[in-house]
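J.: For reference, the structure I am asking about is given below.
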């Protein structure tokens, strides 16, 4: 197990490097220039050259990348070209905000997805199965940003029950466990959890129904085991596939949703990346994508380890 | 329903209902900006003119300011931190500015001539400890002809230009004064950004990047008529238009910038105030005048101008525009009396095109670069499609080169004959323009010496008459005479159909019913000091 984990951790290094190289090249290849964030459009060439030199944008691309990489290896992700703020501060502040949504979304999608998928899988062909499947397909198919806008229109604008945007009430500088803060999470978490709920429900349904079709289930029933205990056995056998899907969904949620964060004006990594793309803010793009890639790899590693622990067949 | 679920549902319903009964805090009004982040807080702001509106002019002042008190007359320059200014009649490269006495920065230090010199070095002298590359990039391009600032006495400075330049007061209006004492205290610009200090009517309270910035009234502001009526204001980056609209309708903010036109009826129906006004903005096609460009023929340019249904575009925008009659708005002191009338006359347009061999079967192919969004761009794609449909009926074959705003600005930083435009066959560009001062409105766009990167004359307009009038305007230090020269220039530019003009924005904003005191000036900037909430 230890060597397996070590191997997976070591794989992270070329993955992270590859991700940053691709990100760097994509931004350089695209039209536009970070200078537009710093200078008015009729700035003189002299001013443009001066600013480029100050930000190191006049150096050859390999030198720019190597300089960034050298600093990143010491934990210094640089300074945002657009805002002048430390990239690390920006990322971790945004990441914290996204994690709050992501964990809420995970909780909702795991609980609801597992429950619905289990119900549907254990009652194949029944009305329950069809309702759950319909809900899951809808969750996966309907654009979640559209749902988000509709939810805002109903619950914020129409009913004034919940806020339309933001992370907290006016003047709030952080999170507190009170309704004034919690209410800001309700709509974004609901909207964010729709797709993963649908995916998890469908995967769990498939996994559970397949497991129910196996011989050992017939044996257990033949032995007179109550259906509830049969279900426990089925769940144990079906959970491996579910964990793999949940791991992927977790990584997706941790990456942040640009669209949900835009609709709800949520200052998370999705919004940070979105702005950085428009501003061609390379240090922010590089740093954020690097951190996201590491999180993605770590999350999937945890999911794989859990799978291995729960399912001895994988260990063999 | 199981009992735990019933209990949870009841708690949720009660909590939601409690929001209906929350009393509004009237001491603070909240603004939903279109900017995606808080503008730079150190002095000269970023985020374009919205940064000036919601940061630069709130925390800071300049020596010369814009009169934002009236919705009825054009906004002109008035004394700010300088009470008077004049040019040396014997050497018109030297200006004397008398500074306002008794003005204090928010940190309590005094505003003097030393502060002005210090702020000049902040943006122009890379060797000075206070030099800020970010502010230099933002400010230096707006004070291009100022080469030195000298202290004469504690309340008098001399501003020196490279050539005689009557536009200096306009330039100075974009140059904000940060506190030297505060900079000395905190040590660098990163720390200053967290604790900014200016002389403005609002004082910085707190900021969370990308979330909000809070400012409080400055009770000691040097202009007692502009001490803010409200205790505090909160500015919230809300780049998505539908989110801004929802935030206002749900009561989370009291003011939103730029609601989308299709949301206006809903906002009005909910009792929101929709305020608009003419301001110095235009949205037009700047055609290429490079060698070989089809736009070099004046009849082609006139035909295009006669084949744009500006009233139709106004309807498309829900009435949120002023159909163009020239380069500047009709109420501008520079409008003059051009003889070429912009209108929708497709028959005349087709006739002009046919004189040059273009027909419906053999149209003139043109390619226009347009962005999907951007500062002042209004609704660029629907507007472009509308223009395209009418122009295509007048023997044009209009193709769009659609790109993102940053990419369009990168294109606009080069000339029409640069490879990025020429290789793709782009011979027109749509970039919304500010027309607030003579340089922005005319010089950078029509002076033959201002082809990028020396200005914004992307189309490479080259007319000796324009250059002569621009030079004359720049050297005319009597404002009334200067306006006359500029109106003569405007008449020529319009009569030559130099551009294909479409419309002017009216800068719509939506305010809560109980938000009072706001006067929308004919300016990109606005004054938030009289704004307050009432019961």
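Chains as they are written, first to last, in our numbering: chain A, 1 to 316; chain B, 1 to 535.
Beta carbons: idealized from backbone N, C-alpha and C, even for Gly.
(1) Going along the chain, which unbroken runs of the beta strand (DSSP E) with 3 or more residues stay wholly within the segment 376-437 of chain B?
(2) Around the C-beta of residue 216 of chain A, are 16 or more other C-beta atoms found within 10 angstroms, so that it is buried, or is it exposed?
(3) Consider the Cβ of residue 134 of chain B: report whether some Cβ of chain A lies at a distance smaller than 7 Å.
(4) So that I know if they touch, is there some Cβ in chain A lying closer than 7 Å to that of residue 141 of chain B?
(5) Whose Cβ in chain B lies nearer than 8 Å to the Cβ of residue 278 of chain A?
(6) For residue 332 of chain B, count neighbouring C-beta atoms within 10 Å of its own C-beta (all shown protein chains included) and say buried if the count is 16 or more, exposed if not.
(7) Which residue comes first and which comes last in the alpha helix (DSSP H) that contains residue 211 of chain B?
(8) Please return the same chain residues whose Cβ sits closer than 7 Å to the Cβ of residue 48 of chain B, not counting the five positions on each side in sequence.
(9) Would residue 413 of chain B pass as an interface residue toward chain A - the criterion being a Cβ-Cβ separation below 7 Å?
(10) Quick check: is the beta carbon of residue 21 of chain B nearer than 7 Å to any beta carbon in chain A?
(11) Only counting the same chain, and skipping five residues up and downstream in sequence, which positions put a Cβ closer than 8 Å to that of residue 414 of chain B?
(12) Please classify residue 211 of chain A: does DSSP put it in a helix, a strand, or coil?
(13) Just reading off the alpha helix (DSSP H) that residue 286 of chain B is part of, what are its end residues?
(14) Just how far apart, CA to CA, sit residue 89 of chain B and residue 153 of chain B?
(15) Could you give the distance in angstroms between the alpha-carbon of residue 426 of chain B and the alpha-carbon of residue 305 of chain B?
(16) Kindly indicate if chain A contains any beta-carbon less than 7 Å away from that of residue 187 of chain B.
(17) Taking beta-carbon pairs under 8 Å, can you tell me which members of the segment 464-475 of chain B lie near chain E?
(18) Thinking C-beta only, is residue 230 of chain B closer than 7 Å to residue 532 of chain B?
(19) Are residue 237 of chain B and residue 35 of chain B closer than 7 Å when you measure CB to CB?
(20) Please specify which runs of the alpha helix (DSSP H), each continuous and at least 4 residues long, are wholly inside the segment 56-102 of chain A, giving them in chain order.
(21) Got a sec? Which residues, its chain only, sit under 8 Å from residue 210 of chain B by beta carbon, not counting five neighbours each side?
(22) Do the segment 226-243 of chain A and the segment 154-163 of chain A touch if we need at least three Cβ pairs shorter than 8 Å?
(23) Could you check whether residue 201 of chain A and residue 116 of chain A sit closer than 7 Å to each other, using their CB atoms as the reference points?
(24) Rounded to whole angstroms, what's the CA-CA distance from residue 300 of chain A to residue 272 of chain A? Just pull it up for me.
(25) Does residue 63 of chain B come out as helix, strand or coil in the three-state DSSP assignment?
(26) Using a threshold of 7 Å, state whether the C-beta atoms of residue 328 of chain B and residue 30 of chain B are closer than that.
(27) Of the choices B:250, B:245, B:86, B:524, whose alpha-carbon is the least far from that of residue 53 of chain B?
(28) Give me the Cβ distance between residue 398 of chain B and residue 391 of chain B, rounded to the nearest whole Å; I'm assuming they're in contact under 8 Å.
(29) Given a limit of 8 Å on CB to CB distance, which residues of the segment 328-343 of chain B reach chain A?
(30) Shortest alpha-carbon distance to residue 196 of chain A belongs to which of A:261, A:142, A:167?
(31) Within the segment 172-237 of chain B, note down every full beta strand (DSSP E) run reaching 3 residues or more, in order along the chain.
(32) Determine whether the Cβ of residue 189 of chain A lies closer than 7 Å to any Cβ atom of chain B.
(33) Quick one: which chain B residues come within Cβ less than 7 Å of residue 143 of chain A?
(34) Name the two residues that bound the continuous beta strand (DSSP E) containing residue 325 of chain B.
(35) Can you find the residues in the same chain that come closer than 6 Å, C-beta to C-beta, to residue 80 of chain B, ignoring five residues on each side of it along the sequence?
(36) Looking at C-alpha atoms only, which residue of A:26, A:4, A:53, A:127 is the closest neighbour of residue 286 of chain A?
T.: On the basis of the coordinates in this document:
(1) Those beta strand (DSSP E) runs which fall completely within the segment 376-437 of chain B and span 3+ residues are 396-403.
(2) So residue 216 of chain A counts as exposed.
(3) Taking CB atoms only, residue 134 of chain B has a neighbour in chain A less than 7 Å away.
(4) At least one chain A Cβ lies under 7 Å of residue 141 of chain B.
(5) In chain order: 36, 404, 405, 406.
(6) Label assigned to residue 332 of chain B: buried.
(7) Per DSSP, residue 211 of chain B belongs to no alpha helix (DSSP H) and is neither H nor E.
(8) A distance below 7 Å between beta-carbons, with the five flanking residues on each side excluded, links residue 48 of chain B to the following residues of its chain, in chain order: 375.
(9) Proximity of residue 413 of chain B to chain A, defined by a Cβ-Cβ separation below 7 Å, is satisfied.
(10) Note that residue 21 of chain B scores 46 on pLDDT, short of 50, meaning its location in the model is unreliable and no value can be drawn from it.
(11) Excluding residues within five positions, the ones whose Cβ falls inside 8 Å are 420, 421, 452, 453, 458.
(12) The answer is helix: DSSP assigns residue 211 of chain A an H, G or I state.
(13) Boundaries for residue 286 of chain B: no alpha helix (DSSP H) harbours it, while the beta strand (DSSP E) harbouring it runs 281-287, taken from the DSSP string.
(14) If I take the Cα positions, the gap works out to 20 Å.
(15) Rounded to the nearest angstrom, the two C-alpha atoms are 19 Å apart.
(16) Taking Cβ atoms only, chain A never reaches closer than 7 Å to residue 187 of chain B, which makes this a no.
(17) In summary, chain E is missing from the structure at hand, where the protein chains are A and B.
(18) For residue 532 of chain B and residue 230 of chain B, yes; Cβs fall inside 7 Å.
(19) The criterion of a C-beta distance shorter than 7 Å is satisfied by residue 237 of chain B and residue 35 of chain B.
(20) Runs of the alpha helix (DSSP H) inside the segment 56-102 of chain A: 61-73.
(21) Hits under 8 Å: 36, 37, 38, 237.
(22) They do not touch, by the three-pair rule.
(23) Inclusion of residue 116 of chain A and residue 201 of chain A in the CB contact set at 7 Å is warranted, their separation being smaller than that value.
(24) If you take the alpha carbons of residue 300 of chain A and residue 272 of chain A, they lie about 23 Å apart.
(25) DSSP, read as helix, strand or coil, puts residue 63 of chain B in coil.
(26) Not in contact: residue 328 of chain B and residue 30 of chain B (Cβ atoms no closer than 7 Å).
(27) For residue 53 of chain B, the closest C-alpha among the options B:250, B:245, B:86, B:524 is that of B:524.
(28) Yes, they are in contact, since the Cβ atoms of residue 398 of chain B and residue 391 of chain B sit about 5 Å apart, within 8 Å.
(29) Residues of the segment 328-343 of chain B that bring their beta carbon within less than 8 Å of a beta carbon in chain A are absent altogether.
(30) Out of A:261, A:142, A:167, A:142 has the C-alpha closest to the C-alpha of residue 196 of chain A.
(31) Counting whole runs of 3 or more residues, the segment 172-237 of chain B contains the beta strand (DSSP E) stretches 202-208, 212-217, 232-237.
(32) It does not: the Cβ of residue 189 of chain A has no partner Cβ on chain B nearer than 7 Å.
(33) Chain B residues near residue 143 of chain A: none, gap ~14 Å exceeds 7 Å.
(34) Counting along the chain, residue 325 of chain B sits inside no beta strand (DSSP E), nor does DSSP assign it H or E at all.
(35) Excluding residues within five positions, the ones whose Cβ falls inside 6 Å are 61, 62, 63, 64, 65.
(36) Of A:26, A:4, A:53, A:127, the residue nearest in Cα terms is A:26.
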